[in-house]
Each structure stands twice: as structure tokens, then as C-alpha cells.
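The sequence shown begins at 0 in numbering that gives the first Met the number 0 and counts up one residue at a time.
Don't be surprised by glycine CBs; every beta carbon is placed ideally from N, CA and C.
Below you'll find the structure, written out as C-alpha cells, and then a few comments.
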Amino acid sequence: MRSGQIELEKYVITKSLTKAPEDYPDAKNQPHVQVALRLKQNGYSGCSAGDTVPYIICSQQDSDNAHSVGIAQRARHPEELKRDPDKWMIDIDYYLSQQIHPVVSRLCASIQGTSPARLAECLGLDSAKFQPRLTESSNQDTSMMLLSVIDDEDERYRGCEPLRLSCPSCSGTFDCPPVSSLITSASATSVSDPIEGKDATANFWRHMRCPRCLDNTVESKFSPSMLANQMKRQADNFISLYYKGLQMCDDEGCKYSTHSVNLRVMGDSERGTVCPNYPRCNGRLVRQYKESDLYRQLSYFCYVLDATRCLEKLDQKARLPFEREFVAVGQTIKLALLEIQKIRDRCAFGWVQLKDLAVSI
Numbered sequence: 000m001r002s003g004q005i006e007l008e009k010y011v012i013t014k015s016l017t018k019a020p021e022d023y024p025d026a027k028n029q030p031h032v033q034v035a036l037r038l039k040q041n042g043y044s045g046c047s048a049g050d051t052v053p054y055i056i057c058s059q060q061d062s063d064n065a066h067s068v069g070i071a072q073r074a075r076h077p078e079e080l081k082r083d084p085d086k087w088m089i090d091i092d093y094y095l096s097q098q099i100h101p102v103v104s105r106l107c108a109s110i111q112g113t114s115p116a117r118l119a120e121c122l123g124l125d126s127a128k129f130q131p132r133l134t135e136s137s138n139q140d141t142s143m144m145l146l147s148v149i150d151d152e153d154e155r156y157r158g159c160e161p162l163r164l165s166c167p168s169c170s171g172t173f174d175c176p177p178v179s180s181l182i183t184s185a186s187a188t189s190v191s192d193p194i195e196g197k198d199a200t201a202n203f204w205r206h207m208r209c210p211r212c213l214d215n216t217v218e219s220k221f222s223p224s225m226l227a228n229q230m231k232r233q234a235d236n237f238i239s240l241y242y243k244g245l246q247m248c249d250d251e252g253c254k255y256s257t258h259s260v261n262l263r264v265m266g267d268s269e270r271g272t273v274c275p276n277y278p279r280c281n282g283r284l285v286r287q288y289k290e291s292d293l294y295r296q297l298s299y300f301c302y303v304l305d306a307t308r309c310l311e312k313l314d315q316k317a318r319l320p321f322e323r324e325f326v327a328v329g330q331t332i333k334l335a336l337l338e339i340q341k342i343r344d345r346c347a348f349g350w351v352q353l354k355d356l357a358v359s360i
């Protein structure tokens, strides 16, 4: 392709006009409409509803900003390209990244050792553009994984957003540490000399004050109702995020995102998963924030405030030094813990429906 051994006709893309080119409200984003409008300006009459418009995606020769304009503005009729070959050339990178790479990636997805980035490198493309996003690892479907069988909380709640509290005095925000930090900080100071400010996270639970406020005033102290309200507000934000229902195409070259449900059914695909860009794209719409993500986030908030569970994990002898401290903390966070547990228990993802397991006789 880069050496020019592929004939021009192989690059031609065709698309039909559903109405007159002038009637398209988004004509600037439609390559075939832009080509049709240009042909009509030149006196060509075959550009009405129902006509098929051929075009090729090009880039300007000897231009440093060849890709600065949109794809629609770079679409040219094959005859335009033949008439002015010194100004326009075929955009090989577009065809490799948008036409070939997505198809090859889907075909090679089950082959061990391949990845979209590796295939892009083989095609001569910038592999950095096809690296998987870091957030995708936290968006993996964990519906088949029981959270209760994971013992390590750090692994269980990996990717969860921290509980962010807003100070009533300085209005600054900070990440609230889990109540278990009382134990970890005590273990750290028992084997090393205590350093001022090193156990700031544990001091929050001991004093219930903003760690950023230098003067320990009464205004910087968190009351039980204040902690519960801020916890509930953040939980409501995550619930709202789930119900927004953002979906994104899993095709690396498409990444179409929408909040709407596409009811088209193609083959054995599940209703609502067909990419609206079909047939130009054969990808599937994937929900970006799933039921499992919401349940794990709410469970993490419960873990942050669950002082009783922290004590139960300790041996009887190791539990004694912390019991009095945890009892005092527990009275302060009890209201917030009950509120977030009530919200989590309303999430249907955490319940087993017996009617789905048993058959009535």
C-alpha cells in the first residue's frame, strides 16, 4: 500500500444518499455528502436521494498538517484524485487504522501473544494509539467473580474510587482512609520511631478532624451526620453514573459512545449491543459502568467504615489494644455505616434469586 502497488479502485468507499445533500444537518461530518456537494457545484447532476457516491480518503501532499482537518473534508471523488494527483494522495494511515486494523484485531483476538498495539506495529502504525486504557482493567466484567472469595481487600477493591470528604472549615477535600488504618499505623510505629505527620491518616479517625487544617478547631471536626451525608452523596453519584448507561463500541477504531439503546438485532448478537455505525463497524456496544462496578464501589465504602470487621480479623490477644479505640470510632461512624449498608443492600447484584435456581413442580 505504501509503495503504491494497490490500484486506486481498491480504496473506493461507496455510500448512498438518503436525501438531497443540502438537506443534511451534519453535512460537515459526512464524507459522501461533502463529495456530493462539491460535485453539484461543478455541475454534476447525479447527486440526489438514492444515488451512491464513491469517495477516497486523502491527505494533501507536502503538508505538515495533513490530518489537521476532519475526514469528511479530506474525502475526494476518484476522478478528482486522478485530475489533481500532485495535490492529493491516498491517506494510507487512515485505511490501515480504520479499515484494516479493526478487522485484523477481531480475527486475531483469540490468538495468544497478539494485541491491538502489536498488530498496529506490524502494520506500520503508531502502537501507542492502540494501547489499552488503564481504566479498562477496572471495567472488566466481574459478574462471574464472587467478591466474597477474595480475602485481600486491596485486591478485591482495586480500581474503586476513594471516599472523598470535604472539610467544613477549609472546604478542602481529602481521601478518607479505611478505618483499618488505625491498625496498620499502630503496627508501623511499633517497629519504627514515630515521625510527625506520618500517621496522619490514622489521626483522622482518632480526632475526626481534617488532616489539612493546622489549627484543630471545632469547625474542622466531622460530626456523625456530616460524615453520613457526604457518604450518601457520593454513593448517589455512583448510582447516577450507573443509570446514565453509557455504552462504548469495543472496536478500537470506532469507540462510538452513546447513552441510547440501539434495538437493532444482527445475527446472534444480543439486543441493544449492535454498534450504530454498522455496517461500517462490526463492533459491539459495551456498558462502561456495570452492575458489578457499582456493587463493588458500594461495598468498598462499607469496608472503609466497618470497624467491627477489622477487629474480628484480629486474634484475641492482638485485638485487646484496639478494642477501646475502635469502640469510640464505631459510635461516630455508626450512622454513616448503617446508611451505606442500606444503600448497598438495595443493589440487586448482591442477592441470589431463588426462583432462578429452582424449578417449581
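Q) Measuring CA to CA, which of E251, Y242, D314 is closest to C346? A) One-based indexing of the sequence shown puts residue 346 at position 347. Comparing Cα positions, the closest option is Y242.
Q.
In chain order, what are the residue ranges of uninterrupted beta strand (DSSP E) at least 3 long that sit wholly in the region 32-84?
A. 51-59
Q. Any idea what DSSP makes of W204, helix, strand or coil?
A. Residue mapping note: residue 204 aligns to position 205 of the sequence shown, counting from 1. Residue state, collapsed to three classes: helix.
Q | Boundaries of the alpha helix (DSSP H) in which S104 is found, first to last residue | A | Reading the sequence shown from its first residue, position 105 is the one you call residue 104. That run of the alpha helix (DSSP H) goes 100-106.
Q) Between the region 232-248 and the region 288-296, do at least 3 Cβ pairs fall closer than 8 Å? A) yes
Q: Out of R37, P101, C248, M0, point me to the one whose CA is closest to Q287's CA.
A: On the sequence shown, residue 287 is found 288 positions in, with the first residue counted as 1. Of the listed residues, the one whose Cα sits closest to Q287 is C248.
Q | Member of G244, P176, T113, R82 whose CA lies at the smallest distance from the CA of Y302 | A | Mapped onto the sequence shown, residue 302 falls at position 303. Of G244, P176, T113, R82, the residue nearest in Cα terms is P176.
Q. Looking only at its own chain, which residues have a Cβ that is under 6 Å from the Cβ of R263, when we skip the five neighbours before and after it?
A. One-based indexing of the sequence shown puts residue 263 at position 264. Taken in chain order, the residues that qualify are V273.
Q: Would you grab the beta carbon distance between L313 and V178 for me? Rounded to a whole angstrom, and I think it's under 8 Å.
A: Position 314 of the sequence shown holds residue 313. Position 179 of the sequence shown holds residue 178. The pair is not a contact, with the Cβ atoms about 13 Å apart (cut-off 8 Å).
Q: Consult DSSP for K14 and reduce its assignment to one of helix, strand or coil.
A: If you number the sequence shown from 1, residue 14 lands on position 15. DSSP places K14 in strand when its eight states are reduced to three.
Q.
Please report the straight-line C-alpha distance between P115 and S126, rounded to a whole angstrom.
A. To locate residue 115, count along the sequence shown from 1; it is residue 116. To locate residue 126, count along the sequence shown from 1; it is residue 127. Taking the straight line from one Cα to the other gives about 8 Å.
Q.
Suppose you measure from the CA of A108 to the CA of L122; what does that come to, to the nearest Å?
A. Start at 1 with the first residue of the sequence shown, and residue 108 comes out as number 109. Start at 1 with the first residue of the sequence shown, and residue 122 comes out as number 123. Distance between the alpha carbons of A108 and L122 is about 16 Å.
Q) Which residue from I91, R37, Q29 puts its Cα closest to that of K9? A) Mapped onto the sequence shown, residue 9 falls at position 10. Measuring from the Cα of K9, the nearest candidate turns out to be I91.
Q. Among L356, S224, S96, R232, which has the Cα closest to the Cα of Q330?
A. Translated into positions along the sequence shown, residue 330 becomes position 331. With distances taken between Cα atoms, Q330 lies closest to S224.
**Q.** Nearest residue (CA-CA) to A317, options L181, Y156, V328, K14
**A.** Taking the sequence shown and counting its residues from 1, one reaches residue 317 at position 318. The shortest Cα separation from A317 among L181, Y156, V328, K14 belongs to L181.
Q: Name the two residues that bound the continuous beta strand (DSSP E) containing T172.
A: Within the sequence shown, the letter at position 173 stands for residue 172. Segment 172-175, the beta strand (DSSP E) holding T172.
Q. Are the Cβ atoms of R75 and S58 separated by less than 8 Å?
A. As a position in the sequence shown, residue 75 is number 76, starting the count at 1. As a position in the sequence shown, residue 58 is number 59, starting the count at 1. Going by C-beta atoms, R75 is not nearer than 8 Å to S58.
**Q.** Neighbour-count burial assignment, D61, 16 or more Cβ in a 10 Å radius
**A.** Start at 1 with the first residue of the sequence shown, and residue 61 comes out as number 62. D61 comes out exposed.
Q | Helix, strand or coil at L245 according to DSSP, with G and I counted as helix | A | As a position in the sequence shown, residue 245 is number 246, starting the count at 1. In this structure, L245 counts as coil in the three-state DSSP scheme.
(Q) Let me confirm a value: W350 is counted as buried when at least 16 other C-beta atoms fall within 10 Å, else exposed. Which label applies? (A) If you number the sequence shown from 1, residue 350 lands on position 351. Label assigned to W350: exposed.
(Q) Pull the bridge partners of I89 from the DSSP assignment, please. (A) Taking the first residue of the sequence shown as 1, we reach residue 89 at position 90. Paired residues: C57.
Q: Please list the segments of the beta strand (DSSP E) lying wholly inside the region 216-292, counting only runs of 3 or more residues, in order along the chain.
A: 246-248, 284-286
Q) Starting from L118 and walking both ways along the beta strand (DSSP E), at which residues does that stretch end? A) On the sequence shown, position 119 is the one that residue 118 refers to. Here L118 belongs to no beta strand (DSSP E); instead the alpha helix (DSSP H) covers 115-121.
Q) First and last residue of the alpha helix (DSSP H) that includes R318? A) The residue labelled residue 318 in the question sits at position 319 within the sequence shown. Taken as a continuous stretch (DSSP letters only), the alpha helix (DSSP H) holding R318 covers 315-344.
Q. Counting along the chain, where does the alpha helix (DSSP H) carrying R211 start and finish?
A. Numbered from 1 along the sequence shown, position 212 holds the residue referred to as residue 211. Careful: R211 lies outside any alpha helix (DSSP H) and carries neither H nor E.
Q.
At the level of alpha carbons, what is the spacing between L226 and F321?
A. Position 227 of the sequence shown, counted from the start, is the residue given in the question as residue 226. Position 322 of the sequence shown, counted from the start, is the residue given in the question as residue 321. Answer to the nearest angstrom: the Cα atoms are 22 Å apart.
Q: Report the residue from S47, D50, V68, G45 whose alpha carbon sits nearest the alpha carbon of I56.
A: Working through the sequence shown from its first residue, we reach residue 56 at position 57. Closest option to I56, Cα to Cα, is V68.
(Q) Tell me the DSSP secondary structure of G196 in three-state form. (A) Here the question's residue 196 lines up with position 197 in the sequence shown. Its pLDDT being 45, under 50, G196 is placed unreliably in this model, and the coordinates cannot settle the point.
Q: Look at S15 and G49 and say whether their C-beta atoms are less than 8 Å apart.
A: Within the sequence shown, the letter at position 16 stands for residue 15. Within the sequence shown, the letter at position 50 stands for residue 49. Against a cut-off of 8 Å, the Cβ pair of G49 and S15 comes out as a contact.
(Q) If contacts are defined as beta-carbon pairs under 8 Å, then P210 and F203 qualify, I think. What distance do you get, rounded to the angstrom? (A) As a first step, residue 210 must be located in the sequence shown, where it is residue number 211. As a first step, residue 203 must be located in the sequence shown, where it is residue number 204. Indeed they touch by this definition, with Cβ atoms about 5 Å apart.
(Q) With a threshold of 8 Å on Cβ separation, who are the neighbours of E324 within its own chain once the five nearest residues in sequence on each side are excluded? (A) The residue you call residue 324 lines up with position 325 of the sequence shown. Result list for E324: L181, R205, in chain order.
Q. Is the CB-CB distance between M230 and L297 below 8 Å?
A. Stepping through the sequence shown from its first residue, residue 230 is reached at position 231. Stepping through the sequence shown from its first residue, residue 297 is reached at position 298. Not closer than 8 Å, so no.
Q. By Cβ distance, which residues of its chain are closer than 8 Å to R308, with the 5 residues on each side in sequence left out?
A. Counted from its first residue, the sequence shown places residue 308 at position 309. Contacts found: Y302.
Q | Bridge partners - L164, DSSP secondary structure assignment | A | The residue labelled residue 164 in the question sits at position 165 within the sequence shown. L164 is bridged to F173.
**Q.** Simplified DSSP assignment, three categories, for D153
**A.** Stepping through the sequence shown from its first residue, residue 153 is reached at position 154. The answer is helix: DSSP assigns D153 an H, G or I state.
Q) In three-state terms, what does DSSP make of P20? A) Position 21 of the sequence shown, counting from 1, holds the residue named residue 20. In this structure, P20 counts as helix in the three-state DSSP scheme.
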